[in-house]
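Participant: Residue numbers (this note's numbering): 10 to 411. Each residue gets a CB set at the ideal place from its N, CA and C atoms; glycine is no exception. In this text, all values refer to a predicted model and were calculated from it rather than measured experimentally. Here it is: the structure, laid out below.
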């Protein structure tokens, strides 16, 4: 394996190490598995501090604090958001409570990182977004995938460099995106008692896994809102949650001049209108898929290798001078940070490549220190676009609103 130097993060083009960041003091709402992994990843950032954690049970919070060396533990979320030592709150409890907890955090004048999904409906997401904007606070859905060096590199290859360093996309005009994320929930979750199958708590595949392939699609279509969505899938009648689905997103053109008709364009000869394209997406909790994202362009393709939601490898294949001909292949690999003894002693991670959560946390710290209220890797507008798509998906599958 040849390790590639990491690309500069979109939020800070002058930063060479994606884990470099200024100090930030974190508080945690929820002491479950994802909060464990997030806390472990923060141990990779010397400037990050977890100063407090909270759970519905004080005993749970104290046990979590003891495991991770956190100085303060609270048995209520209100106490945590009132702690003057907390700069930002990471919300990692169950989905159904995103809106009231986000309100609580923002009204306490704390910055907020909401584990995905940021809400259980577009309406709730808009409410959270407006509140954050009114109070001039950083607020982001935790789409950690966007901050992996492999994804930062894929974005540069497909769309070009934001700083102008790479003048043109490597693969020409993006025409299609194919992305899947399916796992077998029975590997770790009991049916039907697990939260995963609990409709009222925000369970189901559309909120657990669909956000990832949807975000893969909008990334490579520049955050544009699709003008048509078609979805099919399977529901579990007994619990009311969706188990799996496939969806197609159509993206409208952003202009009416195709490269083939533009005399100033000597690089493209297709009749494709700029910005136009389609995405085919698959998600579910019944079987384990390859979990890859393929970005197809007029001059080549990019593969974000498995596991696509937390990847370490990208392959770019350039189209040759005829059908089926290759003009070369480029491989980029970015291993996740190695575990420290402190991380090992606290039990490692529950989920694959969770050390990569440190990339997200570092970007958040950089953004807040520079006065930003969102990260350019995943803006609030794009999060709202994707939440709107999830609403439409759930409607077409027949999932009852929470």
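Which residue or residues does DSSP assign as beta-bridge partners of residue 190?
Facilitator: Answer is 292, bridged to residue 190.
Participant: For residue 155, I'd like the list of residues in its chain whose CB is within less than 6 Å of its CB, leaving aside the five on either flank, ordered along the chain.
Facilitator: Once the five neighbours on either side are set aside, the close Cβ partners of residue 155 are 386, 387.
Participant: According to the neighbour-count rule (16 or more other Cβ atoms, all chains shown, within 10 Å of its Cβ), is residue 189 buried or exposed?
Facilitator: By the neighbour-count rule (16 or more Cβ atoms within 10 Å), residue 189 is buried.
Participant: Can you tell me which of the three DSSP states residue 150 falls into?
Facilitator: It is a strand residue.
Participant: Would you call the CB atoms of residue 89 and residue 59 closer than 8 Å?
Facilitator: No.
Participant: Give the DSSP-derived three-state secondary structure of residue 387 in the structure shown.
Facilitator: Reduced to three states, the DSSP call for residue 387 is strand.
Participant: Return the CA-CA distance between residue 173 and residue 208, expressed in angstroms with no decimal places.
Facilitator: Summary for residue 173: the model assigns pLDDT 48, below 50, so the residue's position carries little reliability; its value from the coordinates is reported in the next sentence. Going from the Cα of residue 173 to the Cα of residue 208 covers about 46 Å.
Participant: Looking at the structure shown, is residue 285 part of a helix, part of a strand, or coil, going by DSSP?
Facilitator: Coil.
Participant: Can you tell me whether DSSP reads residue 46 as helix, strand or coil?
Facilitator: Residue 46 falls in the helix class under three-state DSSP.
Participant: Determine the burial state of residue 276: buried for a count of at least 16 other Cβ atoms within 10 Å of its Cβ, exposed for fewer.
Facilitator: With fewer than 16 Cβ atoms within 10 Å of its Cβ, residue 276 is classed as exposed.
Participant: Between which residues of its own chain and residue 140 is the CB-CB distance below 7 Å, once the five residues before and five after are set aside?
Facilitator: Around residue 140: 112, 115.
Participant: For residue 352, report the span of its alpha helix (DSSP H) as first-last.
Facilitator: Its alpha helix (DSSP H) spans residues 350-354.
Participant: Considering only the beta carbon of each residue, do residue 373 and residue 122 sit closer than 8 Å?
Facilitator: Yes. Within cutoff.
Participant: Could you pull out every residue in the same chain whose Cβ sits closer than 7 Å to the Cβ of residue 315, ignoring the five residues on either side in sequence?
Facilitator: Contacts found: 299, 300, 301.
Participant: Taking residue 342 as part of the beta strand (DSSP E), name the residues at either end of that continuous run.
Facilitator: Taken as a continuous stretch (DSSP letters only), the beta strand (DSSP E) holding residue 342 covers 335-342.
Participant: So which of 28, 242, 153 has the shortest CA-CA distance to residue 407?
Facilitator: The candidate whose alpha carbon is nearest that of residue 407 is 242.
Participant: For residue 401, which of 216, 337, 321 has the nearest alpha-carbon?
Facilitator: Selected option, being the one with the closest Cα: 216.
Participant: In the DSSP output, what is residue 33 paired with across the bridge?
Facilitator: DSSP output for residue 33 lists 57 as bridge partner(s).
Participant: Please specify which runs of the beta strand (DSSP E), each continuous and at least 3 residues long, are wholly inside the segment 173-245, giving them in chain order.
Facilitator: If we require 3 residues or more, the beta strand (DSSP E) runs fully inside the segment 173-245 come out as 183-191, 237-244.
Participant: Is it true that the CB of residue 312 sits closer than 8 Å to the CB of residue 324?
Facilitator: The answer is yes: Cβ separation under 8 Å.
Participant: If you compare alpha carbons, which of 329, 66, 51, 94 is closest to residue 77?
Facilitator: Of 329, 66, 51, 94, the residue nearest in Cα terms is 51.
Participant: Would the beta-carbon of residue 397 fall within 8 Å of that of residue 221?
Facilitator: The answer is no: Cβ separation not under 8 Å.
Participant: If we require 4 or more residues per run, which alpha helix (DSSP H) segments fall completely within the segment 78-108?
Facilitator: The segment 78-108 contains these whole alpha helix (DSSP H) runs: 86-90.
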